[in-house]
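In order, the protein sequence lines correspond to chains A and B.
Take any residue in the first sequence, count from 1 to its spot, add 57: that is its number in the numbering used here.
Take any residue in the second sequence, count from 1 to its spot, add 19: that is its number in the numbering used here.
Everything below concerns the one structure shown next.
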Amino acid sequence: MRIVRDSLAGTLESSDALVRVSPTDGGERDVSINSSVMAQFGTQITEVVQDTLDKMGVSQGQIVVEDKGALDCTLRARVQAAVLRACADEATGTTDASTSVDWSLL
Amino acid sequence: MLEEIDLSTVTPGVDHTEMDAVAQFLASHDLDLDGDLDIILVARHFGELIGCAALAGGIVKCVAVAQHAQGLNLLPHLMTELSYIAHARGHAHLFVYTKPRYQDLFTSCGFHPIVAVPDQVVMMENTPRGIRGYTEDLRNYRRIRDKVGAVVLNANPFTKGHQHLLREAARDCDYLHVFVVAEDASYFPFTDRLALVRAGVAEMSERDHIHVHPGTTYVVSKATFPSYFLKDSGLVDMCATAVDLLIFREHIAPALGVTHRYVGTEPFCRVTRQYNTDMHYWLERRDLPPSFAAPVQVVEIPRVAAGDEPGSQAISATNVRRLLELGDLDQLRPLVPDPTFALLAAKYAPDAPPPPQRASTRPC
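Shown next as structure tokens:
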């Protein structure tokens, strides 16, 4: 999926995460993660975020995650929401990606 | 207690009683209610005002939390809401100015420091890639030379005075980087100003070692230097010039290897003159903590006069705009390079259709 606009999902409350997605002019996918529990769960948090992005086919764009100790399922949901809000569908050319997402992947 | 807190927004100039309450609340925290706010987010606990945060474009301002409400995690709550409000208004990239002792609080809200003026103010942005991403891009334009210069211009519009400044600067150093202020707060829109600088440089013999960069938020913008665009008021905030100049010294100069910054002497405009003075102070200062980047030498180049006879007035963009407004194209002709004159005559002369949208503030 192609990132075409800025988007936000989540909050900065405890046990949640705020995810920002922005388009970039080409280049690779750029993921920055900041977490209040980076020392304990940094590796796993990174894995969850990268895995979610891989499954959604995000190859470009800037993704910034401000994590406040979210569970994996929350983190995945926030990343998915932010990406869906930011992308356009390449097949149909519409700005609403929700119609053609392969939901079984998520 | 957080779930008992109501968040609401106040639009300045509409709700006067609410504005008075906010002003009073801010005053009790030693903060002024800024005049240029677009929207204010207010947190109330059973009617009592306990916190607020405001937006002016993409800049977060007037953030305060009542003493007895501190420790409730109210700031992240406010900043989350404000992020969504800003996002809906088209500002994904946010900046905040705060005191150094509050830096950690904003860090926990996802802000990253850009530059700190020791003991005074820290400027932060809500992305870890902002200034770092920009300087990584800038590094592609780096030229390894002994003496690398930089000039920042608003070029509103590009005159022979600017051309003179660039020529003198380019002759004095081995490679020159020119930044055109990107903020669209001037009489001439950014695209026209940039095109005129590029066209003006293209007709100079020194063009091979001059590179013209479009400016960004990090070079004299409303975010780095709010008062520059309000300079009719004659007020220059020392902190604001320090932030702008330290961003240049800390991030832009090291990325490009800039050793010298050139600037025209300023006989007319008080704000720009103050900026030149501050430039010497912040760019050349050597007594900053060792974490700061190396000093950049500031070179002032005298303005070129409009005529050959002694006592004739120096060329200024302000004067060019005045002549343009009067429709005096004959007097204007010798003050600007050919490409500028062509555009002015075609697009901006009083009888040329259609007239441009005029901004309320007009820096030189």
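Beta carbons are placed, not taken as given, at the ideal position from N, Cα and C, and that holds for glycine.
According to DSSP, simplified to helix, strand and coil, what is B/Arg-158?
Helix.
Classify A/Arg-77 as helix, strand or coil using the three-state DSSP reduction.
A/Arg-77 falls in the strand class under three-state DSSP.
Once DSSP output is grouped into helix, strand and coil, what is the label at B/Phe-198?
Judged by DSSP in its simplified three-state form, B/Phe-198 adopts strand.
First and last residue of the uninterrupted alpha helix (DSSP H) at B/Asn-295
In this chain, the alpha helix (DSSP H) harbouring B/Asn-295 covers 289–303.
Just reading off the alpha helix (DSSP H) that B/Asn-338 is part of, what are its end residues?
Secondary structure note for B/Asn-338: its alpha helix (DSSP H) is the uninterrupted segment 336–345.
Taking three-plus beta-carbon pairs below 8 Å as touching, is the stretch 59–75 of chain A in contact with the stretch 116–125 of chain A?
With the cut-off at 8 Å, the stretch 59–75 of chain A and the stretch 116–125 of chain A touch.
Starting from B/Gly-77, trace the alpha helix (DSSP H) both ways and give me its first and last residue.
B/Gly-77 -> no alpha helix (DSSP H), and no H or E assigned at all.
Under three-state DSSP, which class holds B/Glu-222?
Coil.
Where does B/Arg-186 fall in DSSP's three states?
The answer is helix: DSSP assigns B/Arg-186 an H, G or I state.
B/Ala-361, buried or exposed, once every other Cβ within 10 Å from all chains shown has been counted against 16:
Its Cβ having fewer than 16 others within 10 Å, B/Ala-361 is exposed.
Could you please give me the residues that DSSP links to A/Ala-145 through a beta bridge?
Per the DSSP secondary-structure output, A/Ala-145 pairs in a beta bridge with A/Arg-59.
How about the stretch 58–66 of chain A and the stretch 104–122 of chain A: do they share at least three Cβ pairs that are nearer than 8 Å?
Short answer: they touch.
Beta-carbon proximity list for B/Leu-351, same chain, < 8 Å, skipping 5 on both sides:
Cβ contact annotation for B/Leu-351 (same chain, cutoff 8 Å, sequence separation greater than five): Val-339, Leu-342, Leu-343, Phe-360 and Leu-363, in chain order.
Proximity test, Cβ basis, 8 Å: B/Thr-117 and chain A:
No, no contact with chain A.
Which chain B residues are close to A/Ser-89, counting only those with a beta carbon under 9 Å from its beta carbon?
Simply Thr-146, Pro-147 and Arg-148.
With DSSP run on the structure shown, which of helix, strand or coil describes B/His-112?
Three-state DSSP puts B/His-112 in coil, outside helix and strand.
Specify the secondary structure class of B/Leu-56 as computed by DSSP and reduced to three states.
Residue state for B/Leu-56 is assigned as coil, using DSSP reduced to three classes.
For B/Thr-278, I'd like the list of residues in its chain whose CB is within less than 7 Å of its CB, leaving aside the five on either flank, ordered along the chain.
Within the same chain, B/Thr-278 has close Cβ partners Lys-166, Val-167, Val-315 and Gln-316.
Neighbourhood of B/Ala-242 by C-beta distance below 7 Å, restricted to the same chain and skipping five residues each side
So the qualifying residues of the chain are Gly-77, Ile-78, Phe-114 and Thr-236.
Let me see if you follow: with CB-CB separation under 8 Å, is A/Ser-72 close to chain B or not?
For A/Ser-72, the closest Cβ of chain B is not nearer than 8 Å.
Report buried or exposed for B/Phe-287, applying the criterion of at least 16 other Cβ atoms within 10 angstroms of its Cβ.
So B/Phe-287 counts as exposed.
What's the gap between the Cα of B/Cys-10 and the Cα of B/Tyr-206?
Nothing about residue 10 of chain B can be read from this structure; chain B reaches only from 20 to 383.
Unbroken beta strand (DSSP E) run spanning B/Glu-144, endpoints
Per DSSP, B/Glu-144 belongs to the beta strand (DSSP E) from 140–144.
Could you tell me how far apart the beta carbons of A/Gln-119 and A/Thr-68 are, in whole angstroms, since I believe they sit closer than 8 Å?
That belief does not hold up - the Cβ atoms of A/Gln-119 and A/Thr-68 are roughly 20 Å apart, past 8 Å.
Taking CB distances under 8 Å as the criterion, tell me whether B/Pro-98 reaches chain A.
Note on identity: in this sequence residue 98 of chain B is Met, with Pro being the wrong assignment. For B/Met-98, the answer is yes, since a Cβ of chain A falls inside 8 Å of its Cβ.
Count the other CB atoms, across all protein chains shown, that sit within 10 Å of the CB of A/Val-94; report buried if there are 16 or more and exposed otherwise.
Label assigned to A/Val-94: exposed.
Which one of B/Pro-233, B/Val-61, B/Asp-123 and B/Asp-191 has the shortest CA to CA distance from B/Asp-156?
If we check each option's Cα against that of B/Asp-156, B/Pro-233 comes out closest.
Could you give the DSSP three-state label for B/Val-84: helix, strand or coil?
DSSP places B/Val-84 in strand when its eight states are reduced to three.
For B/Ile-266, does the three-state DSSP call read helix, strand or coil?
Correct three-state label for B/Ile-266: helix.
Close-in-space but distant-in-sequence residues of the same chain around B/Arg-162 (CB under 6 Å, 5 per side omitted)
The residues are Tyr-194.
Name the chain A residues that come within less than 8 Å of B/Cys-71, Cβ to Cβ?
Result: empty, since nearest Cβ-Cβ is about 17 Å, beyond 8 Å.
How would you label B/Tyr-281, buried or exposed, when you count the other beta carbons within 10 angstroms and need 16 or more for buried?
Taking all protein chains shown into account, B/Tyr-281 has 16 or more neighbouring C-beta atoms within 10 Å of its C-beta and is therefore buried.
In chain B, which residues lie with their C-beta within 7 Å of the C-beta of A/Val-14?
Here chain A covers residues 58 to 163 and nothing more, so residue 14 of chain A does not appear.
Can you pull the chain A neighbours of B/Tyr-237, defined as C-beta to C-beta under 8 Å?
Correct list: empty, because the minimum Cβ distance to chain A is about 17 Å.
In this structure, does DSSP put B/Tyr-206 in helix, strand or coil?
B/Tyr-206 falls in the coil class under three-state DSSP.
So, helix, strand or coil for B/Asp-128, using DSSP?
Residue 128 of chain B is actually Cys in this sequence, not Asp. Residue state, collapsed to three classes: coil.
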